[in-house]
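Before any comments, here is the structure.
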Amino acid sequence: QVQLVESGGGVVQPGGSLRLSCAASAFTFSSYGMHWVRQAPGKGLEWVAFIWSDGIGQYYADSVKGRVTISKDNSKNMVFLQMNSLRADDTAVYYCVRNVELPMTVIGYFDYWGQGTLVAVSS
Amino acid sequence: QSVLTQPPSVSAASGQKVTISCSGSTSNIGYNYVSWYQQVPGTAPKLLIYDNNRRPSGIPDRFSGSKSGTSATLGITGLQTGDEADYYCATWDSSLSEALFGPGTKVTVL
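Those protein sequences? They're chains A and B, same order as listed. To convert, count from 1 in the first sequence and add 226; that's our numbering. To convert, count from 1 in the second sequence and add 2; that's our numbering.
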């Protein structure tokens, strides 16, 4: 059964950094692109970043571009989100999500979601 | 302000039908696939519809999806209390090079 388990969340001061991790299991990790999607308290879903299956290419939401880096270690079945210069509006539950490709598009759809890890940016 | 538009809420009596619209533009819904997600508060979202109108295994046929031009629609028939949740549409925007979620629609069973 596909599993995605996030870790690394916590409380951080504005301007600080945090590295989120996601451990994947029960599927061929190197064949899938991966996303991070976040949800601020009481708000809707917001896509954050995507990385291709081979880890070579990435896409980022404008709201995090330049402050966030997504990376993928296919030898360890792990995906990471390095977040720098954190702001109060980065406070959210961060989900690790598997992508399924469809023809003629960058992303297909999000089929498996982790349970999320909470990041709280506060002084 | 979301690029995709959904009604904030819809409601209907148990056993009835609701539809949720998701409106966008050529660069997103017009050119790309739409998927739909159900989220019960406090839990992770769950995939309901992918490739505009396909259901993953385990999703009942009470849930259906369609797409026409720059809009997509999720339909839920035979509404049940367990369907009370937030529903989100999603797609890729080829101009922004970003994935997009709609703002979400809360379904209430009266």
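Glycine included, C-beta positions come from ideal geometry on N, C-alpha and C. Quick caveat, the model's predicted, so the values are computed rather than measured.
Listed along chain B are TYR39, ALA46, PRO47, LYS48 and LEU49, each with a C-beta nearer than 9 angstroms to that of TRP339/A. Considered as a whole, the segment 266–295 of chain A harbours 271–277 and 284–286 as its complete beta strand (DSSP E) runs of no fewer than 3 residues, in chain order. When the Cα atoms are used, LEU98/B and LYS69/B turn out to be separated by approximately 21 angstroms. One thing to note: LEU230/A has its Cβ within 8 angstroms of the Cβ of CYS248/A. Taking 8 angstroms as the upper bound for CB-CB distance, SER37/B and PHE336/A are in contact here, some 7 angstroms apart. By the rule that beta-carbons nearer than 8 angstroms mark a contact, ASP315/A does not touch chain B. Contact between ASN303/A and ALA250/A holds, since their C-beta atoms are separated by about 5 angstroms, short of 8 angstroms. Using a Cβ distance threshold of 8 angstroms, PRO240/A and ARG313/A count as a contacting pair. Note that the C-beta distance between LYS48/B and TYR39/B is below 8 angstroms. The alpha carbon of GLY342/A has as its nearest neighbour, out of THR331/A, LEU307/A, SER311/A and GLY334/A, the alpha carbon of LEU307/A. For ILE31/B, there is no enclosing beta strand (DSSP E), as DSSP marks it with neither H nor E. A Cβ-Cβ separation of about 13 angstroms leaves ILE22/B out of contact with GLN41/B under the 8 angstroms criterion. Sequence-distant Cβ neighbours of ALA101/B in its own chain, meaning closer than 6 angstroms and more than five residues away, are TRP94. Contact of GLY334/A with chain B by beta-carbon distance below 9 angstroms involves TYR35, SER37, TYR52, ASP53 and TRP94.
For GLN265/A, the closest alpha carbon among the candidates ASP53/B, PRO105/B, ALA74/B and ALA14/B is that of PRO105/B. In terms of beta-carbon proximity, TYR89/B stays away from the interface with chain A, with every pair separated by 8 angstroms or more. Using a CB distance cut-off of 8 angstroms, ALA287/A counts as an interface residue toward chain B.
Around the CB of LYS298/A, 16 or more other CB atoms lie within 10 Å, so the residue is classed as buried.
The Cβ of TRP278/A sits no closer than 8 angstroms to any Cβ of chain B.
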